[in-house]
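Position one of the sequence shown corresponds to residue 724 (my numbering), numbered consecutively onward.
For every residue, glycine included, the Cβ atom is placed at its ideal position computed from N, Cα and C.
This structure is a prediction, so every number in the text was calculated from the model and none was measured.
Quick notes on the structure that follows.
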Amino acid sequence: MKRILSGMRPTGKLHLGHLFGVLENWKELQEGYECFFMVADWHGLMSEYERPQGLKENILDNVIDWIACGISPEKAHIFIQSQIKEHLELHLVFSIITPLGWLERCPTYKEQLREITNRNLSTYGFLGYPVLQAADILLYKADCVPVGEDQLAHLELTREIARRFNGLYKKNIFPEPRQLLTASGRILGIDARKMSKSYDNCIALSDEPEAITRKIQSMFTDPLRIKLSDPGHPEKCNVHSYYALFAPQRKKEIDQLCAGSKIGCTDCKKELAGIVVKYLWPLREKRSELLKNKNRISDILEEGAKKAHTVALKTMQEVKEVIGI
Ligand code: TRP
Ligand code: SF4
């Protein structure tokens, strides 16, 4: 079976963007690949080091959401990056062999330095963010990595680092991983921008029904529709795109009702809120069950770490052997 590694930073609560962008995808992949799904807490620390208090809480909370969404500990190995020390060892080896220019030129690095102004990211560690990511992936010799568009540059760097290592030490230790591009942006935030914690436009998977309803009521609709009698343009309305995801069978009818001025936006959103709450209900029940049984989560993470460590240790032994250290 081909192997996959993917990771998520524990920097906040998971939301619908994660569900449709990442978790649905992971759920499918765990059926056909050997999957390692990792909480990238060291990566999280790189941006949160000034206020790291939330990380620990998010780690468990995120893992609970993964499992509640259907990521199965029977099918995938679920683990926490910082529990496997080999990530740091390989990160150091890769740091030594990676030319500075590759990192300074990395588009995500330049963009984040420019855009994230409420934190000081001009650190030695943050420049090496993709080097740690390469270590994550190559430690497990992953064949494929499911990533969003924003991570493609990191995967390219991972391949370059693999080639450089193999070339320097004249041994094919690391396979070059392929990307499995995840279609992202299937769901937008309640303000119709990308759903993101930094825009404060998310519906969290763990939001209470009242919060979900309130957020959906505040969604922007067709800007050309001011009165009920104005015919709507559902294809221009974000509410409508939520119908497409949550209730595709109802979407067609909403199209007609909206374009024919037979439904008002308030009612349309009220109905959608009910649909979304109902859609997330099983997840909510599974989560509260898991919350009552934290030992089970520790067991799952321990199992995952055990498996991850076996693989990681073996790779590190090979690495040390070819270097001669
Ligand atoms: N950089 C990824 C992100 O921000 C998280 C991550 C860390 C990752 N290590 C990884 C993703 C390894 C894929 C593979 O989304
Ligand atoms: Fe959007 Fe519904 Fe209003 Fe039409 S009726 S504009 S789909 S919210």
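The beta carbons of Ala927 and Leu737 sit closer together than 8 Å. The C-alpha of Phe888 lies about 20 Å from the C-alpha of Arg828. Around the C-beta of Gly735, 16 or more other C-beta atoms lie within 10 Å, and the residue is accordingly described as buried. Residue pairing for Glu757: DSSP places it in a beta bridge opposite Arg726. Take the alpha-carbon of Cys988 and the one of Val745: they are about 30 Å apart. When distances are taken from the beta-carbon of Met731 to the heavy atoms of ligand 1, the shortest one is below 7 Å. Apart from sequence neighbours up to five positions away, the residues of its chain that approach Leu880 with a beta-carbon distance below 7 Å are Trp825, Cys829, Pro853 and Ala857, ordered along the chain. The three-state secondary structure of Pro900, taken from DSSP, is coil. Apart from the 5 residues on each side of it in sequence, Leu1036 sits with its Cβ closer than 7 Å to the Cβ of Glu809 in its chain, given in chain order.
The DSSP-derived three-state label of Met942 is coil.
If you look at His800, you'll find it in the beta strand (DSSP E) that goes Ala799 to Ile803.
With a cutoff of 7 Å, Ile803 does not count as near ligand 1, since its C-beta is closer than that to no heavy atom of the ligand. DSSP places Cys867 within a strand segment (E or B) once states are collapsed to three.
Lys893 counts as exposed, since fewer than 16 other C-beta atoms from the protein chains shown sit within 10 angstroms of its C-beta. When DSSP states are grouped into helix, strand and coil, Met1039 belongs to the helix group. Judged by DSSP in its simplified three-state form, Lys893 adopts coil rather than helix or strand.
With a cut-off of 7 Å, the C-beta of Val962 is classified as near ligand 2, since at least one heavy atom of the ligand falls inside that distance. Judged by their CB atoms, Pro796 and Ile1023 are nearer to each other than the 8 Å cut-off.
The beta carbon of Lys864 is closer than 6 Å to those of Pro898 in its chain, skipping five residues each way along the sequence.
In this model, Leu823 and Gly777 are separated by some 31 Å (Cα to Cα). Using a 10 angstroms sphere on the CB of Arg916, the tally of other CB atoms stays under 16, which defines it as exposed. When Thr840, Thr1038 and Leu836 are compared, the shortest CA-CA separation from Gly848 is found for Leu836. Nearest C-alpha to Met918 among Leu742, Ile1048 and Gly730: Leu742. Residue state for His956 is assigned as coil, using DSSP reduced to three classes. The way I'd put it, the stretch 757-771 does touch the stretch 798-806; three or more beta-carbon pairs between them come closer than 8 Å. In the DSSP assignment, Val762 is bridged to Met731 and Ile803. Nearest to Arg901 by C-alpha distance, out of Leu861, Lys959 and Leu1014, is Leu861.
Here the stretch 962-979 makes no contact with the stretch 1008-1019; the two share fewer than three CB pairs at distances below 8 Å.
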